[in-house]
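Protein chains: 2
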Amino acid sequence: MTKAKDLWEDALNQPKISKQEFKELEPELRRELVELQQELRNSNLSVAVVFAGVDGAGKHEMVNTLNAWMDPRGIVTRAYSSKDLAAKEYPSFWKYWRDLPTAGQLGLFLSAWYSKPLLGRVHRKLSENEFQKRLKDIQEFEQTLSDNGTLLVKVWMHLDKKAQLKRLEDLSSEPETEWQIKPGAWENWGMYDHFVEASDKIIKSSAKASSPWVLVSGKHRYARQVAVATALRDAMKERLKNPPKQTGQSKSSWDKKMKSCRGSLRGMDLSKELDKEIYKSKLKKLQIRLYQLQHKAQISGISTVLVFEGQDAAGKGGAIRRLVQGLDAQQYQVIPIAAPSKIELAHHYLWRFWKHLPHRGRVTLFDRSWYGRVLVERVEGFAQPAEWQRAFEEINSFEKQLVDNNYVVCKFWIQIDKDMQLARFEERQNIPYKAWKITDEDWRNREKWDVYDNAVDDMISLTDKLQAPWVLVEGNDKSWARIKVLETVCDQLEKALKKL
Amino acid sequence: MTKAKDLWEDALNQPKISKQEFKELEPELRRELVELQQELRNSNLSVAVVFAGVDGAGKHEMVNTLNAWMDPRGIVTRAYSSKDLAAKEYPSFWKYWRDLPTAGQLGLFLSAWYSKPLLGRVHRKLSENEFQKRLKDIQEFEQTLSDNGTLLVKVWMHLDKKAQLKRLEDLSSEPETEWQIKPGAWENWGMYDHFVEASDKIIKSSAKASSPWVLVSGKHRYARQVAVATALRDAMKERLKNPPKQTGQSKSSWDKKMKSCRGSLRGMDLSKELDKEIYKSKLKKLQIRLYQLQHKAQISGISTVLVFEGQDAAGKGGAIRRLVQGLDAQQYQVIPIAAPSKIELAHHYLWRFWKHLPHRGRVTLFDRSWYGRVLVERVEGFAQPAEWQRAFEEINSFEKQLVDNNYVVCKFWIQIDKDMQLARFEERQNIPYKAWKITDEDWRNREKWDVYDNAVDDMISLTDKLQAPWVLVEGNDKSWARIKVLETVCDQLEKALKKL
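First to last, the protein sequences are chains A and V. Going by the numbering used here, the first residue of the first sequence is number 214, and it counts up by one from there. Going by the numbering used here, the first residue of the second sequence is number 214, and it counts up by one from there.
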């Protein structure tokens, strides 16, 4: 606490800068920023600048200044309001994920993720506990951005109580500027002490986060412009020069740690099967049940995310088709996941999945998913050990956000054995219109069966959470697998509907 | 009319296909589709398949079939409902633009752009006039897609009155399938003759459109699957083999046609200027006026699109900054337009602008815009003559949709003379932090001054429409230009608010 307080006072005592001094500092600052922007453009880095603080401290002006000083074609500015109808359909962080800058770009964020928790706590709409929970969510969000190639620059623009009063009085004394005082501004000023208290806590909590706050006094125009620009310059310079090194655990120490959970899949009874006639009758009944449940879920605004993973030829596509056959086309989307495109590679690896979350009341079926990070990307070396090793927690956090927002999340691992895969590969290869489904890559993956097996074991052991458990599906008999998938989805939907 | 009727009857008399025949046809059809999809993936073409027709004719089943037969990773399926909150913020075609397939992809569209006009006319919610207007809008939409690299395959799936009755009776006779009958299905059947009447008109109107309808009887499952798949195969094969040749007018015949409107810019009085003190006081007052108007516009849901075009260094950025200084950051977005990215190049050239349209009640300022198609892309040869020559009408149609949806559209051409540009280039080049703004390209463009001049003349003469007129801004004096821009925006907003 003490440390944050000191910083706070230092910031508020930032000396004034005269017009003359500013004129001397400005050209060099601008030149450096422009050059760094050029360097950024050719890098894998993206920069997100988050502005927070009190009204009247000059946040908006600073955003305009940066847009004027740098090349606006490399800058994306976003300011959030409660009027974003699309955003209401999704978890609260969705809109920030949507707007994250691409690699090479600078994103400027106003009234973003700190805004609601701060105001909520100031006006006592959030309890201290809820407030702390929000701050924890923010920390996780920032940590995963930072870990995955985004430089976060957090700028807190502050005014002391007297200075804020003077700003409000100055504005209200002239009919020409009175309009700039937002509704609630005086009330907020009356809450000044609450503001400082909540701000303190935010600053303090970020001491543990991946990026510290830059505290800037909004009192003097030139001083605040120089302070923000300097902080941005320094942070970009440092990060471009010294990209953080991320070292993951070695293979041997990782394997040792995970030893106890290896081999669990081998315990599955893959001989389970279903008689063709029973299958047909069950399928029909389950499809009707699913339609009725999904109809209710749509009315109740319950969204569903279904994840399908499994070996090549495990039967993911077939299970998905039996699921959607009975649904209205408006109610669902099937998203097949292939290798990421260039624009997807220029973002956080979860970005492309956030994009496809279902609207309220709908279903998205992911044919392969974010688990690619800890399966194919791990095994094939597309992700570094540090990257896939931290992905387990990142994924848990992502899914927790869905569940916290009343999404139904079902994750299916469909398991077949090696002989069954071979039989299905050969069958496909012998049918001209199915041969395209089998590529050299599939045969290569097959050779790494055991390596994949371990990766799957690790995945299940580290991401099998109460809120989003894995369902292991015995896949040797397609009928059995399809019915198990359908039954699970129906049961989970029913459970969610009962909770309402 | 006769021709359409004949087609109709032919379609309904499609012979049944036995299971045995189907089993013989299916493998070859699937193989061909998969191969064509592979060819598509490596082409600049995108394919949009639109399904329309009566309930129960098997549209949804067909979409699932195509997803099963082809590689779903190259297919995007979209079905529309009135519950898409985001779409309500924009003109009605926005959601289709958002979802258009990328080059190399296949898009399957259900309950899409034909759905509302058809149902609206059947239930007499649309007058014949309104219905015809909607069909005309659709024709324009399809024409511009088709012209710009999308193969449209339009599938009308039909049932005769008796067959539809039987389908409904079959479904309702079993408790297991009764749920499949949608609310209003019986009522719709009662309107069967209205359906046929409106469908006739749709089919007929498309005779003039870029792509004819494929009429398919939904009566027999195998027959309809074969009919749709065959039509898709044939259309793709033909288009991939014979890409349409588009020949534009030659330079000389174009110049001849446009001769009378050339030189208009030269008539502008660029000596207009504003005293510095008057400028300052006017600027302040106009920014307040703008803030107040925009506040009302936001409440009233009036969206605004501002387009800034002008020579390099004409002062677009400066004018934009003066406009947004007084606005809330949540109310606007500045979108600087640079060369299109790869993903943008894989779409219709208007796609990236549709993406950035403002939400209801907000403002988007485009720093350069879709007019690049008829300026830089024309002059530098990035667009073929046929492409930029038809772009004028495409742009008029785009802007008309905005205006029809109560958008305020202001288009500014800021004009400076050659000496002023030179002076500003040199000034920029001598200031280290501004030198990046001047590139070799800017000097090269400058050498083509007269060529650009002609392109601007053509642009203004062909896109200066009553609903979205050009405002020519004398830009030699920056103060004059900025005030003129601000005044125009205020006046237009005021006019729009008065109309409510």
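Quick reminder that beta carbons are idealized off the backbone N, C-alpha and C, glycines included.
1. Mind pulling the chain V residues with CB within less than 7 Å of residue 314(A)?
2. Determine the chain V residues that contact residue 285(A) at a beta-carbon separation under 8 Å, and present them in chain order.
3. Compare the beta carbon distance of residue 164(A) and residue 592(A) with 8 Å and say whether it is the shorter of the two.
4. Determine the extent of the beta strand (DSSP E) in which residue 577(A) is found, giving its start and end residues.
5. For residue 367(A), decide whether its Cβ has a neighbour in chain V, counting only Cβ atoms nearer than 8 Å.
6. For the region 594-606 of chain A against the region 651-666 of chain A, are there 3 or more C-beta pairs whose distance is under 8 Å?
7. Taking residue 765(A) as the reference, which of 615(A), 233(A) and 519(A) has the closest Cα?
8. Is the CB-CB distance between residue 573(A) and residue 530(A) below 8 Å?
9. Does residue 542(V) come within less than 8 Å of chain A when only Cβ atoms are used?
10. Beta-carbon within less than 6 Å of residue 444(A)'s beta-carbon, same chain only, minus the 5 sequence neighbours each way: which residues are those?
11. Could you spell out the range, first to last residue, of the alpha helix (DSSP H) harbouring residue 623(A)?
12. To the nearest angstrom, how far is the alpha carbon of residue 247(V) from that of residue 537(A)?
13. Beta-carbon of residue 537(A) versus every beta-carbon of chain V: anything under 8 Å?
14. Starting from the beta carbon of residue 660(A), find every residue of chain V whose beta carbon is closer than 7 Å, and list them in chain order.
15. State the Cα-Cα distance for the pair residue 471(A) and residue 254(A), rounded to the nearest angstrom.
16. Using beta-carbon positions only, say whether residue 171(V) and residue 270(V) come within less than 8 Å of one another.
17. Would you identify the three-state DSSP class for residue 712(A), choosing helix, strand or coil?
18. If residue 317(A) and residue 256(A) are in contact, beta carbons under 8 Å, what's the gap, nearest whole angstrom?
19. Select from the region 643-659 of chain V all residues with a C-beta closer than 9 Å to any C-beta belonging to chain A, and list them in chain order.
20. Could you give the distance in angstroms between the alpha-carbon of residue 540(A) and the alpha-carbon of residue 391(V)?
21. Do residue 436(V) and residue 229(V) count as a contact pair if the criterion is CB distance below 8 Å?
22. Starting from residue 371(V), trace the beta strand (DSSP E) both ways and give me its first and last residue.
23. State buried or exposed for residue 690(V), treating a residue as buried only when at least 16 other CB atoms are found within 10 Å of its CB.
24. Put residue 315(A) into one of helix, strand or coil per three-state DSSP.
25. Only counting the same chain, and skipping five residues up and downstream in sequence, which positions put a Cβ closer than 6 Å to that of residue 361(A)?
26. With residue 530(A) as the anchor, note down where its alpha helix (DSSP H) starts and where it stops.
27. What residues in the region 496-508 of chain A bring their beta carbon closer than 7 Å to a beta carbon of chain V?
28. Any idea what DSSP makes of residue 292(V), helix, strand or coil?
29. Could you check whether the region 236-251 of chain V touches the region 409-421 of chain V, counting it as contact only if at least three pairs of C-beta atoms, one from each stretch, sit closer than 8 Å?
30. What are the boundary residues of the alpha helix (DSSP H) that includes residue 270(A)?
31. Within the chosen definition, does the region 549-564 of chain V reach the region 309-325 of chain V through at least 3 CB pairs nearer than 8 Å?
32. Are the C-beta of residue 383(A) and some C-beta of chain V separated by less than 8 Å?
33. Is there a Cβ from chain V that is less than 8 Å from the Cβ of residue 240(A)?
34. Answer with buried or exposed for residue 607(A), where buried requires no fewer than 16 other C-beta atoms within 10 angstroms of its C-beta.
35. Give, in chain order, every residue of the region 403-429 of chain A whose Cβ lies closer than 8 Å to some Cβ of chain V.
36. What do you reckon, are the CB atoms on residue 457(V) and residue 516(V) nearer than 8 Å?
Working from what's here:
1. Numbered from its first residue, the first sequence carries residue 314(A) at position 101. Per Cβ cutoff of 7 Å: no residues; residue 314(A) is ~14 Å from chain V at best.
2. As a position in the first sequence, residue 285(A) is number 72, starting the count at 1. Going along chain V in sequence order, the residues near residue 285(A) (Cβ under 8 Å) are 530, 547, 549 and 580.
3. An answer regarding residue 164(A) cannot be provided, because it is not within the stretch 214 to 713 covered by chain A.
4. As a working mapping, residue 577(A) is identified with position 364 in the first sequence. Unbroken beta strand (DSSP E) run through residue 577(A): 576-580.
5. As a first step, residue 367(A) is located in the first sequence; it is residue number 154 there, counting from the start. Cβ-Cβ to chain V under 8 Å: no for residue 367(A).
6. no
7. In the structure displayed, chain A extends from 214 to 713; residue 765(A) sits before or after that span and is not available.
8. Against the first sequence, residue 573(A) aligns to sequence position 360. Against the first sequence, residue 530(A) aligns to sequence position 317. No, the pair does not count as a contact, with Cβ atoms beyond the cut-off.
9. What you label residue 542(V) is simply residue 329 of the second sequence in a count that begins at 1. Interface residue, yes.
10. Your numbering for residue 444(A) matches position 231 in the first sequence. Taken in chain order, the residues that qualify are 427.
11. Walking along the first sequence from the start, residue 623(A) turns up at place 410. First-last for residue 623(A): 621-628, but that is the beta strand (DSSP E), not the alpha helix (DSSP H).
12. Translated into positions along the second sequence, residue 247(V) becomes position 34. Translated into positions along the first sequence, residue 537(A) becomes position 324. So the two alpha carbons sit approximately 22 Å from each other.
13. If you number the first sequence from 1, residue 537(A) lands on position 324. Interface residue, yes.
14. Position 447 of the first sequence, counting from 1, holds the residue named residue 660(A). Those within 7 Å of residue 660(A) in chain V number zero; the least Cβ separation is about 23 Å.
15. Residue mapping note: residue 471(A) aligns to position 258 of the first sequence, counting from 1. Residue mapping note: residue 254(A) aligns to position 41 of the first sequence, counting from 1. Residue 471(A) and residue 254(A): Cα-Cα distance of roughly 40 Å.
16. Coverage of chain V is limited to positions 214 through 713, which leaves residue 171(V) absent and any answer about it impossible.
17. For this step, residue 712(A) is matched to residue 499 along the first sequence. Looking at residue 712(A) - three-state DSSP - the assignment turns out to be helix.
18. Here residue 317(A) refers to the residue found at position 104 of the first sequence. Here residue 256(A) refers to the residue found at position 43 of the first sequence. Indeed, because the Cβ distance is near 6 Å, the residues count as touching under 8 Å.
19. 644, 645, 646, 647, 648, 649 and 650
20. Here residue 540(A) is taken as the residue at index 327 of the first sequence, counted from 1. Here residue 391(V) is taken as the residue at index 178 of the second sequence, counted from 1. About 14 Å.
21. For this step, residue 229(V) is matched to residue 16 along the second sequence. For this step, residue 436(V) is matched to residue 223 along the second sequence. In contact: residue 229(V) and residue 436(V) (Cβ atoms closer than 8 Å).
22. Counted from its first residue, the second sequence places residue 371(V) at position 158. 363-371 is the span of the beta strand (DSSP E), which, as asked, contains residue 371(V).
23. Translated into positions along the second sequence, residue 690(V) becomes position 477. Answer is buried; the Cβ neighbour count reaches 16.
24. Here residue 315(A) is taken as the residue at index 102 of the first sequence, counted from 1. If DSSP states are grouped into helix, strand and coil, residue 315(A) belongs with coil.
25. Within the first sequence, the letter at position 148 stands for residue 361(A). Excluding sequence neighbours, residue 361(A) sits near 561.
26. In the first sequence, the residue the question calls residue 530(A) occupies position 317. Unbroken alpha helix (DSSP H) run through residue 530(A): 529-537.
27. 497, 501, 504 and 505
28. Reading the second sequence from its first residue, position 79 is the one you call residue 292(V). If DSSP states are grouped into helix, strand and coil, residue 292(V) belongs with the strands.
29. no
30. Residue 270(A) sits at position 57 when you count from the first residue of the first sequence. First-last for residue 270(A): undefined, no H or E at that position.
31. yes
32. Here residue 383(A) corresponds to residue number 170 of the first sequence, with the count starting at 1. So, not an interface residue.
33. If you number the first sequence from 1, residue 240(A) lands on position 27. So yes, residue 240(A) belongs to the interface.
34. Translated into the one-based positions of the first sequence, residue 607(A) becomes position 394. When all chains shown are included, residue 607(A) counts as buried.
35. none
36. Position 244 of the second sequence, counted from the start, is the residue given in the question as residue 457(V). Position 303 of the second sequence, counted from the start, is the residue given in the question as residue 516(V). Not in contact: residue 457(V) and residue 516(V) (Cβ atoms no closer than 8 Å).
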